[in-house]
Amino acid sequence: MKVIQTTLYVDDQDKALKFYTKILGFIKKADVENDGYRWLTVVASEDEDCVELILQLDTNPIAKAFQKHMFDQNYPAIMFGVENVKKEYERLSELGVDFVMEPKYIGVATIARFDDTVGNLIQISEQTKKFRVR
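Each residue of the sequence shown is one higher than the one before, counting from 4 in our numbering.
If you want it as structure tokens, here you go:
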């Protein structure tokens with residue numbers, strides 16, 4: 004068994020698609036409209052067969068409240084792995100990304116956190132230690 008998709012609630016799918024593709028470099032995999040519903044997914048540019056990120060419109064009041072509380076508590080909605088957090092921080096900052104936490108070493112990783120412009124905080128992480136499943 005493996006993870007094939009995960010959902011990220013967004014307050015604007017068009018804005019999310021632009022941010023995740025033009026700024027972060029993801030690739031649009033699916034964009035299907037049916038009966039007023041839009042199924043929109045992106046994947047990492049390095050691996051188009053990896054986990055799909057569903058950019059789900061936050062029309063559900065419970066999802067919307069959860070998303071707001073996560074954001075207000077400075078808690079990331081999802082974490083993306085990068086090779087070098089400091090370089091990615093500099094690259095994204097130059098593109099106008101609003102970081103709420105500068106790169107910080109936390110023992111097992113260096114992390115930074117930014118606002119994705121559609122209601123979420125995203126954390127990037129450069130792992131410094133590998134963990135084994137026991």
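Quick reminder that beta carbons are idealized off the backbone N, C-alpha and C, glycines included.
Please state the DSSP three-state secondary structure of residue i.
| i | result |
| --- | --- |
| VAL88 | helix |
| ASP15 | coil |
| PRO79 | coil |
| PHE117 | strand |
| ILE65 | helix |
| PHE22 | helix |
| LEU98 | coil |
| GLU49 | coil |
| LYS140 | In the structure as shown, the chain starts at 4 and stops at 137, and residue 140 therefore has no counterpart that could be examined. |
Excluding sequence positions up to five away, which residues of its chain have a Cβ less than 7 Å from the Cβ of residue i?
| i | result |
| --- | --- |
| ALA19 | VAL13, LEU58 and VAL121 |
| THR10 | ILE57 and GLN59 |
| VAL6 | VAL54 |
| MET104 | ALA115 and ARG116 |
Do residue j and residue i count as a contact pair if the criterion is CB distance below 8 Å?
| i | j | result |
| --- | --- | --- |
| ALA115 | PHE102 | yes |
What residue from the options has the CA that sits closest to residue i's CA?
| i | options | result |
| --- | --- | --- |
| ASP17 | GLY28, ILE65, ILE7 and ARG41 | ARG41 |
| LYS32 | PHE83, GLU55 and GLY39 | GLU55 |
| VAL88 | ASP75, PHE117, THR24 and GLU36 | PHE117 |
| GLU91 | ALA66, ILE127, MET82 and VAL6 | ILE127 |
| PHE69 | SER96, LYS107, THR44 and ASN123 | ASN123 |
| VAL100 | LYS25, GLN8, THR44 and ILE7 | LYS25 |
| TYR108 | THR131, THR62, SER96 and VAL35 | THR131 |
Taking all protein chains shown into account, do 16 or more other C-beta atoms lie within 10 angstroms of the C-beta of residue i, making it buried, or fewer, making it exposed?
| i | result |
| --- | --- |
| ILE125 | buried |
| ASP50 | exposed |
| LEU98 | exposed |
| PRO79 | buried |
Can you check whether the C-beta of residue i is within less than 8 Å of a C-beta belonging to chain B?
| i | result |
| --- | --- |
| LEU43 | Absent here is chain B; the protein component of the structure consists of one chain. |
Excluding five sequence neighbours on each side, which residues of the same chain lie with their C-beta closer than 6 Å to the C-beta of residue i?
| i | result |
| --- | --- |
| CYS53 | VAL46 and ALA47 |
| GLY28 | SER48 |
| LEU60 | GLN16 |
| THR44 | LYS32, ALA33, GLU55 and ILE57 |
Leaving out the 5 sequence neighbours to the left and right, which residues in its chain are closer than 8 Å to residue i when beta-carbon positions are compared?
| i | result |
| --- | --- |
| VAL85 | GLU91, ILE127, SER128 and GLU129 |
| PHE22 | ASP119, THR120 and VAL121 |
| MET73 | PRO79, ALA80, ASN123 and LEU124 |
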